[in-house]
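K.L.:
I have a structure here, written as structure tokens, and I will follow up with some questions on it.
Protein chains in written order, with this note's numbering: chain A, 1056 to 1547; chain B, 1056 to 1547.
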């Protein structure tokens, strides 16, 4: 502690990295591109997992586990998917090490232990899962299959950033199999809605629901639904995706079922996922120059109580008040920590919990004992107030809701202020440069135009909003007709 | 369904494999030695995880996540550990595939994307974790570090069996760092006790707590604590291990701390783990020729209700009774399923839930409607009785405890009946051949004798019991003096 963070204005990217490391969320490891998720960061991820897992199970999904490795011949079976991931695959080629004959304290790969077929470390699991589903599906009675997996995946990224883009990351991947196209589409939409619900009501991140353009679609999907969020630096972040895969994987792995009518048909598929990338979105949406700001629903510690005292006797008096408060708050389901360590001073603790985004801090000093009060500080607004001790529990209960709502509302206002409608390419470039954010513009629907815009500006179509109103217009690049605005942005 | 399992007497090993597959626990995958854990099996594993995770957290541990890959130079740093795992390592050597120039629909490993340093897929994480801890520890204030990780690991086993021995498996691995030797030993013992508590009180598996002989110790440990269980075929199964690692890893990765007295000292370490192997132990301890038998505390479905009816009207009447029962049982925290599917007959359902080990089955037919009763069947004893409907909830609450205890007691009696004291090597061989189980015998404490006994009989020292009484005796092999009996067995 002590050293301040780089401010967002000075260098947003540096601010983010310093915050993630100093708030004890994660750090880079000895393995290129792979991170260590530290206990405090992992505790937030566990809260996310618990909530998502509950939502998945409530909608009929079950968890399972499939192998980490994909044999190359399975990996290449669905061509578009294989092509999409081939350039970023970690490949296992050998299964044994041996002592280096030239240096007995070193190990070398044993050339005699070469695999007959290379194994790909899964970048995503469609291939291994659909090769398994083949054995599970004979008739319509075996459908739907509604399975989710919590797992690690590896994509060999060249430029990595903690949580946002790492070679290994943690995620969940749902893989479902259906008898009809309509049912599969409904599933893909349902899961995208669940992601939006989670992002807005738990992470306090407003998102725009929609679909991806063909360029931005998942490799192997017919349609990719997504939720897009806006970060404080005006760049967009894809927070979750849900794919309608058509019959592509069923055809690649020959997964057919006998329908009620007795016909043999290919199965329809979806897949959907969110990852530890959400941690990056959480940090970048709410945090400030003092450090992390956490929505109460995802904060591992919602309230911290810090005693300010001189001598054992005073500490004992304060602890009596504090411990009673802890018991009452715990009974109300509030996660609270009383930090009476004597190895650190109150000022250090204040700074530490501010940096780590604890939503409410309560300080109790000698004057508070006299007056029967406490000092209560909100992390989101950085405001303080004096509260009578007997009102603390009710106050905290209210604040848990108020802070959650305030964070969402603050982010929503920022996001809404950064959706700019433009009608010309000049305007587009100007807004992108001066203001950033989402740019709402007409587009002629072709990949060609999107790629040209990307080449010229680095902005891409983040989302074709599902609730976008139909209006006639002209593509900002080509002038060709368009019937709906789409949202462009630079993106993480 | 329909086809019966091979019986245990016919072929124990075949019985086990058929059971695991047919009860929908797991199956082999397209990847050599890797399994697919199916939803029903995974649901049991999730219950185990939840309980263990609670126990770890109650004793002050936090979860975190470390990289899947270990660079070879880190892997080889602790020599004994490296030597122990070198022969079963999956090695990543490349990070990209490319289109096969001779066949555009195939992919090959891109020779230009060879890694400068090979990456080992973690067989265990001491190396990567201790290289991380180096950055976390400066002073005694930074200790202890009490971290657990839920993860997948890979050990290239040549002969694999579902759950018991697979190339990839799921586990938790705790890795702690301490200022003193005594504290580290206490931690290793505490975690072994937690494993024993979990095995006995949740899995209903009696275990013997003790330490391993040097031969059987974890590679890199100074002492390995373990819990050993006995399977129905008389073979032992190591259910969990907890290692006192001394300062081996601290020295290998140069992790020192400034003590309160200002000295620079190496940190003391432990690691401890249980894996999806526990699923195999669970199956093999309790199950019978009809299929899986589950202790209520780990059963995803504790009670299933099956209606026996003709026609919609009768079903409606039965459903009214059943649904009320479901609500009342759920209110008591019992996990209950009402299976009113019309696609399967009652007989099929009975057999299926028997195979899947649901602890209690309730059947409700037209006669039960008349009499206000239900038929209640226990999976553990395969007994049935008629119970008045108004007594069902209390009955079930009692049965959940009774079945849990009965399973433990049954396994304990079997285990105790299969601990045989012998005083000569002839007797030893005879008991091993005719009866199996644990053989309690004197041993002279040398690796040499243990290895000779293993060569001659395939039995090894499974555990040196912690509560074994001291008595003077003579090693069954060499006749050299011994002060305590140890337990030998053939093992999984």
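Every residue gets a Cβ at the ideal spot worked out from N, C-alpha and C, and that includes glycine.
At the 8 Å Cβ level, is residue 1061 of chain A part of the contact set with chain B, yes or no?
P.N.:
The count along the first chain starts at 1 and reaches residue 1061 of chain A at position 6. It does not: the Cβ of residue 1061 of chain A has no partner Cβ on chain B nearer than 8 Å.
K.L.:
When you compare the CB of residue 1127 of chain A with every CB in chain B, is at least one pair closer than 8 Å?
P.N.:
Position 72 of the first chain, counting from 1, holds the residue named residue 1127 of chain A. Interface residue, yes.
K.L.:
Run the CB neighbour count on residue 1357 of chain B, radius 10 Å, all protein chains shown included, and call it buried at 16 or more, exposed below.
P.N.:
Here the question's residue 1357 of chain B lines up with position 302 in the second chain. With 16 or more Cβ atoms within 10 Å of its Cβ, residue 1357 of chain B is classed as buried.
K.L.:
At least one CB of chain B closer than 8 Å to the CB of residue 1187 of chain A: is that the case?
P.N.:
Numbered from 1 along the first chain, position 132 holds the residue referred to as residue 1187 of chain A. Yes - at least one Cβ of chain B is within 8 Å of the one on residue 1187 of chain A.
K.L.:
Quick one: complete alpha helix (DSSP H) runs, 4+ long, within the region 1364-1452 of chain A?
P.N.:
1366-1386, 1401-1410, 1421-1426
K.L.:
Determine, using beta carbons only, whether residue 1134 of chain A comes closer than 8 Å to chain B.
P.N.:
For the purposes of this step, residue 1134 of chain A is identified with residue 79 of the first chain, where counting begins at 1. Chain B, which has a Cβ nearer than 8 Å to the Cβ of residue 1134 of chain A, makes this yes.
K.L.:
What does the Cβ neighbour count give for residue 1530 of chain A, buried or exposed, with the cut at 16 atoms within 10 Å?
P.N.:
To locate residue 1530 of chain A, count along the first chain from 1; it is residue 475. Label assigned to residue 1530 of chain A: buried.
K.L.:
Can you pull out the residues from the region 1290-1309 of chain B whose beta carbon lies closer than 8 Å to at least one beta carbon of chain A?
P.N.:
none
K.L.:
Flag this pair as yes or no: are the beta carbons of residue 1277 of chain B and residue 1299 of chain B separated by less than 8 Å?
P.N.:
What you label residue 1277 of chain B is simply residue 222 of the second chain in a count that begins at 1. What you label residue 1299 of chain B is simply residue 244 of the second chain in a count that begins at 1. Yes, they are a contact pair.
K.L.:
Can you tell me the Cα-Cα spacing of residue 1180 of chain A and residue 1238 of chain B, whole angstroms?
P.N.:
Along the first chain, read from residue 1 onward, the residue named residue 1180 of chain A stands at position 125. Along the second chain, read from residue 1 onward, the residue named residue 1238 of chain B stands at position 183. In a straight line, the C-alpha of residue 1180 of chain A is about 43 Å away from that of residue 1238 of chain B.
K.L.:
Can you list, in chain order, the residues of the region 1149-1179 of chain B whose Cβ is nearer than 8 Å to any Cβ on chain A?
P.N.:
1149, 1150, 1151, 1152, 1153, 1154, 1160, 1161, 1162, 1164, 1173, 1174, 1175, 1176
K.L.:
Rounded to the nearest angstrom, what separates residue 1450 of chain B and residue 1096 of chain B at their Cα positions?
P.N.:
Reading the second chain from its first residue, position 395 is the one you call residue 1450 of chain B. Reading the second chain from its first residue, position 41 is the one you call residue 1096 of chain B. Answer to the nearest angstrom: the Cα atoms are 27 Å apart.
K.L.:
By the criterion of Cβ-Cβ separation under 8 Å, what are the contact partners of residue 1093 of chain B in chain A?
P.N.:
Here residue 1093 of chain B corresponds to residue number 38 of the second chain, with the count starting at 1. Those are 1119, listed as they occur along chain A.
K.L.:
Any idea what DSSP makes of residue 1547 of chain A, helix, strand or coil?
P.N.:
Position 492 of the first chain, counted from the first residue, corresponds to residue 1547 of chain A. If DSSP states are grouped into helix, strand and coil, residue 1547 of chain A belongs with coil.
K.L.:
Compare the C-beta of residue 1196 of chain B with all C-beta atoms of chain A and state if any pair is closer than 8 Å.
P.N.:
Translated into positions along the second chain, residue 1196 of chain B becomes position 141. Closer than 8 Å: yes.
K.L.:
When we look at the beta-carbon of residue 1186 of chain B and count the other beta-carbons within 10 Å, is it buried (16 or more) or exposed?
P.N.:
Numbered from 1 along the second chain, position 131 holds the residue referred to as residue 1186 of chain B. Buried, because 16 or more other Cβ atoms sit within 10 Å of the Cβ of residue 1186 of chain B.
K.L.:
Run through DSSP, which three-state label would residue 1174 of chain B get?
P.N.:
Against the second chain, residue 1174 of chain B aligns to sequence position 119. Strand at residue 1174 of chain B.
K.L.:
When the cut-off is 8 Å and only beta carbons count, does residue 1057 of chain A lie next to chain B?
P.N.:
By one-based count along the first chain, residue 1057 of chain A stands at place 2. Unreliable placement is indicated for residue 1057 of chain A, whose pLDDT of 49 sits below 50; no coordinate value is reported for it.
K.L.:
Excluding the 5 residues flanking residue 1001 of chain B on each side, which residues of the same chain have their C-beta closer than 6 Å to its C-beta?
P.N.:
Beyond the ends of chain B as shown, which are 1056 and 1547, falls residue 1001 of chain B; an answer cannot be given.
K.L.:
May I ask you to report which of helix, strand or coil DSSP gives residue 1341 of chain A?
P.N.:
Against the first chain, residue 1341 of chain A aligns to sequence position 286. In the structure shown, residue 1341 of chain A sits in a helix (DSSP, three-state: H, G or I).
K.L.:
Taking DSSP's pairing of strands, which residues face residue 1301 of chain A in a bridge?
P.N.:
For the purposes of this step, residue 1301 of chain A is taken as the residue at position 246 of the first chain. Answer is A:1324, bridged to residue 1301 of chain A.
K.L.:
If the cut-off is 7 Å on Cβ atoms, which residues from the region 1061-1093 of chain A count as contacting chain B, listed in chain order?
P.N.:
1084, 1085, 1086, 1089, 1091, 1092, 1093
K.L.:
Using the rule of at least 16 other Cβ atoms within 10 Å of the residue's Cβ for burial, across every protein chain shown, is residue 1491 of chain B buried or exposed?
P.N.:
Against the second chain, residue 1491 of chain B aligns to sequence position 436. With 16 or more other Cβ atoms within 10 Å, it is buried.
K.L.:
Threshold first: 4 residues or longer. Then list the alpha helix (DSSP H) segments lying entirely within the region 1493-1539 of chain B, N to C.
P.N.:
1502-1512
K.L.:
Within 10 angstroms of its Cβ, does residue 1437 of chain A collect 16 or more other Cβ (buried), or is it exposed?
P.N.:
To locate residue 1437 of chain A, count along the first chain from 1; it is residue 382. Answer is exposed; the Cβ neighbour count stays below 16.
K.L.:
In chain order, what residues of the same chain have a beta carbon less than 7 Å from the beta carbon of residue 1459 of chain A, not counting five sequence neighbours either side?
P.N.:
Walking along the first chain from the start, residue 1459 of chain A turns up at place 404. Result list for residue 1459 of chain A: 1259, 1350, 1351, 1352, in chain order.
K.L.:
For residue 1142 of chain A, go through chain B and note every residue whose CB falls closer than 7 Å to its CB, in chain order.
P.N.:
Position 87 of the first chain, counting from 1, holds the residue named residue 1142 of chain A. What residue 1142 of chain A touches in chain B: 1151.
K.L.:
Give me the residue from B:1233, B:1235, B:1229 with the minimum Cα distance to residue 1247 of chain B.
P.N.:
In the second chain, residue 1247 of chain B corresponds to position 192, counting from 1. Considering only alpha carbons, the answer is B:1229.
K.L.:
Can you name, in chain order, every residue of its own chain whose Cβ lies under 8 Å from the Cβ of residue 1236 of chain A, other than the five neighbours on each side?
P.N.:
Locating residue 1236 of chain A in the first chain gives position 181, where the first residue counts as 1. Closer than 8 Å at the Cβ level, and outside the excluded window around residue 1236 of chain A, lie 1301, 1323.
K.L.:
Just to confirm the assignment, what range does the alpha helix (DSSP H) spanning residue 1108 of chain B have?
P.N.:
If you number the second chain from 1, residue 1108 of chain B lands on position 53. Note, residue 1108 of chain B: alpha helix (DSSP H), 1094-1113.
K.L.:
Since residue 1173 of chain A and residue 1127 of chain A should fall inside the 8 Å C-beta cutoff, what is the C-beta to C-beta distance between them, to a whole number of angstroms?
P.N.:
Here the question's residue 1173 of chain A lines up with position 118 in the first chain. Here the question's residue 1127 of chain A lines up with position 72 in the first chain. Yes, they are in contact, since the Cβ atoms of residue 1173 of chain A and residue 1127 of chain A sit about 5 Å apart, within 8 Å.
K.L.:
Determine the chain B residues that contact residue 1225 of chain A at a beta-carbon separation under 9 Å, and present them in chain order.
P.N.:
In the first chain, the residue the question calls residue 1225 of chain A occupies position 170. What residue 1225 of chain A touches in chain B: 1120.
K.L.:
For the region 1413-1427 of chain B against the region 1375-1393 of chain B, are there 3 or more C-beta pairs whose distance is under 8 Å?
P.N.:
yes
K.L.:
Using the three-state DSSP reduction, which class does residue 1351 of chain A fall into: helix, strand or coil?
P.N.:
The residue you call residue 1351 of chain A lines up with position 296 of the first chain. The answer is helix: DSSP assigns residue 1351 of chain A an H, G or I state.
K.L.:
Between B:1319, B:1433, B:1251, B:1257, which lies nearest to residue 1327 of chain B when the distance is taken from Cα to Cα?
P.N.:
For this step, residue 1327 of chain B is matched to residue 272 along the second chain. When only C-alpha atoms are compared, the closest one is B:1251.
K.L.:
Assuming contact is defined by CB atoms lying nearer than 8 Å, are residue 1254 of chain B and residue 1294 of chain B in contact in what I supplied?
P.N.:
Looking up residue 1254 of chain B in the second chain gives position 199. Looking up residue 1294 of chain B in the second chain gives position 239. If you check the CB distance, residue 1254 of chain B and residue 1294 of chain B come in under 8 Å.
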